[in-house]
Structures are given as structure tokens and as C-alpha cells.
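Numbers 35 to 181, taken from our numbering, label the letters of the sequence shown in order. Heads up, the beta-carbon is just placed ideally off N, CA and C, and yes, glycines get one too. Values in this document were obtained by computation on a predicted structure and should not be read as measured data.
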Amino acid sequence: MAKKPQPQRREATNEGFLKPREAALELRVSFPTIKQWIYKRKIRSIRTAGGHHRIPQSEIDRLLFRTRGKTAPERGLVTRRVSGRNQLVGRIESVQISGLLAEVKLSIGDQRITSIITASSAREMNLKRGQTAAALIKATEVMILRV
């Protein structure tokens, strides 16, 4: 009697399924949030023979589609990491949208940074006074003034 290639079959059926912790990382939510979504049926999951939840990749894609882009390359662009030393985190003091542009003022310690971005970007990010935001500094030159 020939043995069934069970491990291969198991791998084939698990292909495209994620553990809840893996799903949480991809969706950038906490593990307890994923569990609550499963219990409230906000995200579809299957149960293994051992009673563990597995989430289909299609469910992850469905939720990412709403928040981060339709395709994997688009999601990769949105979630790209940047160097931490080029970021200054602070609170939004004001957002003024006028025509095609928006002026965003950040308070970082006792310093203020003003950035001019497109109005559509400010609306897309839903920037509001009091929110935490980061200024990403990308410059080829830095000038020093003696004060």
C-alpha cells in the first residue's frame, strides 16, 4: 500500500493562507484586532484540523485594496520604509488648503516646520490639527546660518 504524500498536500492547501499573526503584520493591525475581526466575521478564515484559524490571501488583498492600493506593487510603494534619521515626528498645528496646494505646519518640540504639499494629498491623508505626523526631510543640501 502506497503512502499518501500528506505533507505535500498540506502545503498545497495552505498555500495562500496566512496565520493570524502574519495577517496582522500585513494589514498593520494588532493580533487581538485580527482575532476580533475573525469572531465578528469581518474577515473570513478557515479552521485547521487543530482548530487554528488561517486567513486566505484574498481576504488580506480585499482589505489592503481599501486602504493601501489595488495591486501588490502599489501596496509596496505605499508601505515602503524610509530612513529614520530623515524623519521628524510632531503634531499638526494647522492645515490650510487653498486651490491646488495645502500648507501644513508641524510642531516638533519648540520648533515649527512648514510644508507645502498638494491639496489632494492633504485630503487623501485626511490631515487634521492635533494629529501626529512626520516630516520627511529629503534634501541634497543643508545650509547652516550663524545666529
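#### Entry: Inter-stretch contact (C-beta, 8 Å, three-pair minimum) for the region 72-89 and the region 126-138
no
### Task
Tell whether a beta-carbon distance below 9 Å holds between E93 and R78.
yes
#### Entry: Whole-angstrom C-beta distance between L140 and A183, which should lie under 8 Å
The chain is shown from 35 up to 181; residue 183 falls before or after that span and cannot be answered.
### Message
Just to confirm the assignment: which complete alpha helix (DSSP H) runs, minimum length 4, are found wholly within the region 41-89?
### Response
54-61, 65-73
### Query
Quick one: is E60 buried, meaning 16 or more other Cβ sit within 10 Å of its Cβ, or exposed?
buried
### Query
What residue from Q165, I151, K69, N160 has the CA that sits closest to L134's CA?
I151
### Message
Checking 9 Å against the spacing of the C-beta atoms, do S154 and V138 come in under that value?
### Response
no
### Task
In angstroms with no decimal places, state the Cα-to-Cα distance between G143 and A156.
23 Å
### First through last residue of the beta strand (DSSP E) which encompasses R180
Neither: R180 is in no beta strand (DSSP E) and is coded neither H nor E.
### Query
Does the Cβ of A83 have 16 or more other Cβ atoms within 10 Å, making it buried, or fewer, making it exposed?
exposed
### Message
Using the Cβ count rule (16 or more neighbours within 10 Å means buried), how would you classify F51?
### Response
buried
### Task
Leaving out five residues on either side along the sequence, give the residues of the same chain with a beta carbon under 7 Å from the beta carbon of R55.
F65
#### Entry: Simplified DSSP assignment, three categories, for R96
helix
#### Entry: Three-way DSSP call (helix, strand, coil) for Q165 in this model
coil
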